[in-house]
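Peer 1: Numbering (the UniProt record's numbering), first residue to last: 1 to 168.
Glycine included, every Cβ here is placed at the ideal spot set by N, Cα and C.
Got a structure here, written out as structure tokens. Questions coming.
Printed below as a string of structure tokens:
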């Protein structure tokens, strides 16, 4: 089962890196479109954007492969890593400034991804030991947790609307 988790995480990493780089390439193509540059760079305009679009629309391959070898929770647990790759792309290619708070956020994303990945691995082992099927879910607890998180989110939205700090 550990090999299946590894493959699920690997395909999840490929998916998130390709997704975020595709979005960055599309943005880069749009930025070049909006600037008035030389004829040489005009030839690069559609190519960069088209490659980004193609990469964006081939992501389903990784989703199919990842879900064939592991659960969707394992596959999607590494999604935040792609944001860090996009941040690096934005800094070096798009020449955007990265602030200290964004570096702190990247570190927190890495820590959170490690915690989620470790927890998923431990849960897989626990479920195997007690013979529990992962598809069993206590729907009452799930709905209660979702209502609580929705309430917290609504409070943050109201707080965000009344201040200059953006929450989302």
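Looking only at its own chain, which residues have a Cβ that is under 8 Å from the Cβ of residue 12, when we skip the five neighbours before and after it?
Peer 2: Hits under 8 Å: 62, 66, 74, 75, 76, 77, 78, 79.
Peer 1: With residue 89 as the anchor, note down where its alpha helix (DSSP H) starts and where it stops.
Peer 2: 81-92
Peer 1: Which stretch, first to last residue, makes up the alpha helix (DSSP H) that contains residue 67?
Peer 2: 60-69
Peer 1: If you check the beta carbons only, do residue 24 and residue 94 fall under 9 Å apart?
Peer 2: Against a cut-off of 9 Å, the Cβ pair of residue 94 and residue 24 comes out as a contact.
Peer 1: Which value, in whole angstroms, describes the spacing of the CA atoms of residue 144 and residue 156?
Peer 2: So the alpha carbons of these two residues sit roughly 19 Å apart.
Peer 1: What residue range does the alpha helix (DSSP H) around residue 74 cover?
Peer 2: 72-76
Peer 1: Would you kindly work out how many angstroms separate the C-alpha atoms of residue 56 and residue 16, rounded to a whole number?
Peer 2: 10 Å
Peer 1: Output needed for residue 86: all residues of its chain with C-beta closer than 6 Å, excluding positions within five of it in sequence on either side, in chain order.
Peer 2: 20, 24
Peer 1: Classify residue 81 as buried or exposed, calling it buried when 16 or more other Cβ atoms lie within 10 Å of its own Cβ.
Peer 2: buried
Peer 1: Does the beta-carbon distance from residue 98 to residue 91 come in below 9 Å?
Peer 2: yes
Peer 1: With a CB to CB cut of under 7 Å and the five nearest residues on each side skipped, what residues in its chain are close to residue 83?
Peer 2: 20, 109
Peer 1: Run the CB neighbour count on residue 49, radius 10 Å, all protein chains shown included, and call it buried at 16 or more, exposed below.
Peer 2: buried
Peer 1: Around the C-beta of residue 72, are 16 or more other C-beta atoms found within 10 angstroms, so that it is buried, or is it exposed?
Peer 2: exposed
Peer 1: Please list, in chain order, all residues of the same chain as residue 51 whose beta carbon is under 7 Å from its beta carbon, the five residues on each side excluded.
Peer 2: 25
Peer 1: Kindly examine the ligand ATP and report whether one of its heavy atoms sits closer than 8 Å to the Cβ of residue 158.
Peer 2: Because no ligand of any kind appears in the structure shown, any question about the ligand ATP cannot be addressed here.
Peer 1: Report the option in 32, 58, 4 whose CA atom is closest to the CA atom of residue 69.
Peer 2: 4
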